[in-house]
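Colleague: Respectively, the protein sequence lines represent chains A and B.
If you read the first sequence in our numbering, its first letter stands for residue 5, the second for the next number, and so on.
If you read the second sequence in our numbering, its first letter stands for residue 4, the second for the next number, and so on.
Sharing a structure with you now.
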Amino acid sequence: MIYKTLADRIRNNKPVVLLTVIDGPNIGATLLATPNLENLGTLGDAELDRVAARDALGELEAGRTSVRSYGPSGQVTPEDLHDTPTVRVFVESFSPPPQMIIFGAVDFTGALAKVAKVLGYYVLVCDAREVFATKRRFPMADEVLVTWPTPVLIERGSDLGPRDAICILTHDPKFDVPAIQGALATNVGYIGVMGSRKTHAKRLERLTEVGVTQQKDLARLMSPIGLDIGSRTPEETAISICAEIIGRRVGRVVPSLRESTGPIHK
Amino acid sequence: MREILNDIDQWRSQNKRVAVARVVDIEGSGPRDPGAAMAVNQDGVVSGSVSGGCVEGAVVAEALEILASNSPGRLVKFGYSDDEAFAVGLTCGGVVHLFIQPLNW
């Protein structure tokens with residue numbers, strides 16, 4: 005029953021955390037904790053179950069996997085742990101995958117969606133043109149939506165956080181500008197906008213016209229999108245975008261096109 | 004774990020016994036982070052991986068032994084500093100701690 009529930013929740017992208025005694029009394033004992041639901045299984049002591057599940061749900065919230073130590077009845081303070089055996093518990097968090105929302109059903113979209121899937125993203129492709137935004141063209145995407153950026157970001161924006169990414173590939177100001185405005189209203193970790201340096205300069209003018217002028221907002225936009233690695237094909241460009249996302253998420257200094265000058269394709 | 008669920012489901016539907024090995028901790032550089040998982044069925048068939056291929060062979064042997072002996076599970080450590088480094092060491096110089104247990108829950 006524990007395994008079945010665990011597998012169901014992982015497959016349905018629902019958060020769940022698995023606790024396993026890896027050292028000490030009741031080695032191998034297993035408990036499954038789920039936000040707002042009853043625990044399944046036991047680590048061998050009701051009080052230990054209560055304390056460890058509480059801690060594990062905190063770890064799940066933070067997306068962390070770790071090993072935690074307790075006394076046999078969930079003791080955590082050094083005085084209480086004195087002279088008792090230690091129970092070491094492996095706390096494994098299963099968080100929903102990060103999301104990537106791609107605006108624009110263009111040539112680059114399929115390649116980017118493919119690479120994003122390899123990296124484990126839940127991928128949503130959105131374009132207002134129903135001829136282009138089809139599941140047949142983007143079978144690798146988890147969702148393909150025919151609509152404008154604003155409603156999508158109003159509906160889903162509050163779910164987006166530091167692990168998630170928005171990539172705007174349309175090159176079309178009537179689509180780009182609302183997508184950027186919508187993206188800036190979220191806490192999404194990465195906003196990349198495709199286009200040449202010239203396109204980006206023009207886009208900045210349009211953003212100014214609609215009142216997007218704050219430096220802290222503009223600093224969030226990675227444009228031109230991707231790393232300066234001389235990508236030419238859609239697939240190479242997808243790699244450069246995803247590499248930029250990884251580098252910025254972990255805070256590395258990466259050679260972004262935004263920080264370089266000169267032609268994007270040499 | 005996600006990538007091994009289908010194999011586990013299939014094995015369980017065939018009433019095969021299954022052991023699961025998971026990375027619980029790494030010291031220094033390790034090829035896979037905690038949570039990386041590999042399943043082994045009673046016939047020694049494998050799904051998933053817990054390293055870059057360095058220790059999988061040894062993990063299968065441990066897993067089969069755990070299934071055969073009805074062990075509730077055990078912690079196993081692989082690393083460069085081990086005496087058996089030549090047999091099952093990690094080329095990257097790190098240490099990986101695995102917990103291997105029967106999937107009887």
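Cβ atoms here follow ideal geometry from the backbone N, Cα and C, with glycine treated the same way.
1. Going by DSSP in three states, A/His269 sits in which element: helix, strand or coil?
2. By Cβ distance, which residues of its chain are closer than 8 Å to B/Ala88, with the 5 residues on each side in sequence left out?
3. Note down, in chain order, every chain B residue with its Cβ under 7 Å from the Cβ of A/Gly32.
4. Just to confirm my understanding: we take B/Ala79, look at its own chain, exclude 5 residues before and 5 after, and list those with CB closer than 7 Å. What are they?
5. Comparing C-alpha positions only, which one of A/Val254, A/Arg252 and A/Arg201 sits nearest to A/Ser264?
6. Using a Cβ-Cβ cut-off of less than 7 Å, list which residues of the stretch 31-53 of chain B approach chain A; keep chain order.
7. Enumerated in chain order, which unbroken segments of the alpha helix (DSSP H) with a length of 4 residues or greater are wholly contained in the stretch 85-159 of chain A?
8. Using the beta-carbon count (16 or more within 10 Å), is A/Asn40 buried or exposed?
9. Based on Cα-Cα distance, which residue from A/Ala242, A/Ile172 and A/Gln79 lies nearest to A/Asp232?
10. Our contact map puts A/Val197 next to A/Ile229 with C-beta atoms below 8 Å; I'd like the distance itself, whole angstroms only.
11. Closer than 7 Å, Cβ to any Cβ of chain B: which residues of the stretch 40-53 of chain A, in chain order?
12. Do B/Gly38 and B/Arg25 count as a contact pair if the criterion is CB distance below 8 Å?
13. Taking the Cβ atom as the reference point for each residue, do A/Phe112 and A/Pro267 lie within a distance shorter than 8 Å?
14. Which chain A residues are close to B/Leu8, counting only those with a beta carbon under 8 Å from its beta carbon?
15. For a contact meaning CB atoms closer than 7 Å, what does B/Arg20 contact in chain A?
Modeller: In short:
1. coil
2. Note that B/Ala88 scores 47 on pLDDT, short of 50, meaning its location in the model is unreliable; the coordinates nonetheless yield the value given after this. Same-chain partners within the cutoff: Gly82.
3. Pro75, Gly76 and Gln104
4. Residue identity check: residue 79 of chain B is Val in the sequence provided, not Ala. Taken in chain order, the residues that qualify are Glu65, Leu101 and Ile103.
5. A/Arg201
6. Pro37 and Gly38
7. 111-122
8. exposed
9. A/Ala242
10. 6 Å
11. Gly45
12. yes
13. no
14. Ala11, Ile14 and Arg15
15. Result: empty, since nearest Cβ-Cβ is about 13 Å, beyond 7 Å.
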